[in-house]
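A.B. asks: To start, I am sharing the structure in question, which I have written as structure tokens.
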Amino acid sequence: MRIEHIGKSTVKVTVSGSELERLGLRYEDLGENILSDIFLSEMIEKACPELKNRTPPEGELSIEVFPAKDTGCVFYISPKKRRSSENIRAIITAGGIKELFGICRSLTRMGVMSENSLLTGEKHCLRLVADIPKSAALPEGSVTLADDISLACIKEHGRVIIPHNALNTLLSLNFNA
289 MRIEHIGKST VKVTVSGSEL ERLGLRYEDL GENILSDIFL SEMIEKACPE
339 LKNRTPPEGE LSIEVFPAKD TGCVFYISPK KRRSSENIRA IITAGGIKEL
389 FGICRSLTRM GVMSENSLLT GEKHCLRLVA DIPKSAALPE GSVTLADDIS
439 LACIKEHGRV IIPHNALNTL LSLNFNA
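Take 289 as the starting number for the sequence shown in the working numbering and just add one per residue.
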């Protein structure tokens with residue numbers, strides 16, 4: 289088990305396929321039986337003793353798990369964050385730069401100035417991750433809720449173009465196409 293700290297409050301735990309095999313577990317088994325529950329509890333205790341002081345009063349943790357190439361898995365563990373009831377964490381997808389700037393302008397007209405935003409990009413697709421109002425009127429199909437996706441995971445596995453304050457940075461470019 290390899291433990292890494294990502295940011296102030298996120299821990300990344302990599303468990304190899306051979307480690308899971310020694311315990312009689314597979315990625316697909318996680319959360320499905322008592323053996324995997326015991327493994328998860330022990331892993332969290334080993335990996336996150338300092339997170340106990342940073343968890344909300346309810347002590348809730350956000351845990352995401354993804355398969356690894358060697359039949360192992362990767363966990364991202366962080367204190368569960370309480371968001372304003374008016375805002376949601378969203379992934380906003382745009383097919384190109386012109387569409388992205390249009391979305392940014394729409395968000396600022398709604399009063400959104402999300403400092404906690406980032407921009408990732410892949411071939412023919414740009415994604416802005418930001419906290420936006422639940423009532424935001426954006427193009428249908430362009431918004432995906434991201435409450436259970438941690439920024440650490442997106443930063444590690446996405447091609448990050450603007451890592452911080454992406455919305456304000458894009459608006460400062462004053463694109464008028």
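By construction, the Cβ of each residue, glycine as well, lies at the ideal position given by its N, Cα and C atoms.
How big is the Cα-Cα spacing for E320 and R397?
C.D. replies: On the sequence shown, position 32 is the one that residue 320 refers to. On the sequence shown, position 109 is the one that residue 397 refers to. Cα-Cα distance, rounded: 46 Å.
A.B. asks: Helix, strand or coil: how does DSSP classify N375 here?
C.D. replies: Locating residue 375 in the sequence shown gives position 87, counting from the first residue. In this structure, N375 counts as strand in the three-state DSSP scheme.
A.B. asks: With distances taken from CA atoms, which of S423, R415 and K300 is nearest G446?
C.D. replies: As a working mapping, residue 446 is identified with position 158 in the sequence shown. Minimum Cα distance to G446 is reached at R415.
A.B. asks: DSSP three-state call for A418: helix, strand or coil?
C.D. replies: As a first step, residue 418 must be located in the sequence shown, where it is residue number 130. Looking at A418 - three-state DSSP - the assignment turns out to be strand.
A.B. asks: Kindly indicate which residue of L406, E292, H412 and L426 has the alpha-carbon position closest to the one of L458.
C.D. replies: What you label residue 458 is simply residue 170 of the sequence shown in a count that begins at 1. The option with the nearest alpha carbon to L458 is L406.
A.B. asks: Identify which residue in G305, L311, S324 and S423 has its Cα closest to the Cα of I376.
C.D. replies: Residue numbering aside, residue 376 sits at position 88 when the sequence shown is read from its first letter. Among G305, L311, S324 and S423, the Cα nearest to that of I376 is on S423.
A.B. asks: For A454, which of I391, L426, T298 and A425 has the nearest alpha-carbon?
C.D. replies: Within the sequence shown, residue 454 is the residue found at index 166, counting from 1. Nearest of I391, L426, T298 and A425 to A454, Cα basis: I391.
A.B. asks: For the 8 Å Cβ check, are there 3 or more pairs between the segment 345 to 365 and the segment 379 to 387?
C.D. replies: Because the criterion of three Cβ pairs below 8 Å is not met, the segment 345 to 365 and the segment 379 to 387 do not touch.
A.B. asks: Give the single residue among D325, C361, S324 and G295 whose Cα lies nearest to the Cα of M289.
C.D. replies: Taking the sequence shown and counting its residues from 1, the one referred to as residue 289 is at position 1. Per the Cα distances, C361.
A.B. asks: Check the DSSP bridge columns for E410 and list the partner residues they point to.
C.D. replies: Sequence index remark: in the sequence shown, residue 410 carries index 122 (1-based). Bridge partners of E410: C413.
A.B. asks: Where does P344 fall in DSSP's three states?
C.D. replies: As a first step, residue 344 must be located in the sequence shown, where it is residue number 56. Per-residue confidence for P344 stands at a pLDDT of 48, beneath the threshold of 50, marking its modelled position as unreliable; no derived number is given.
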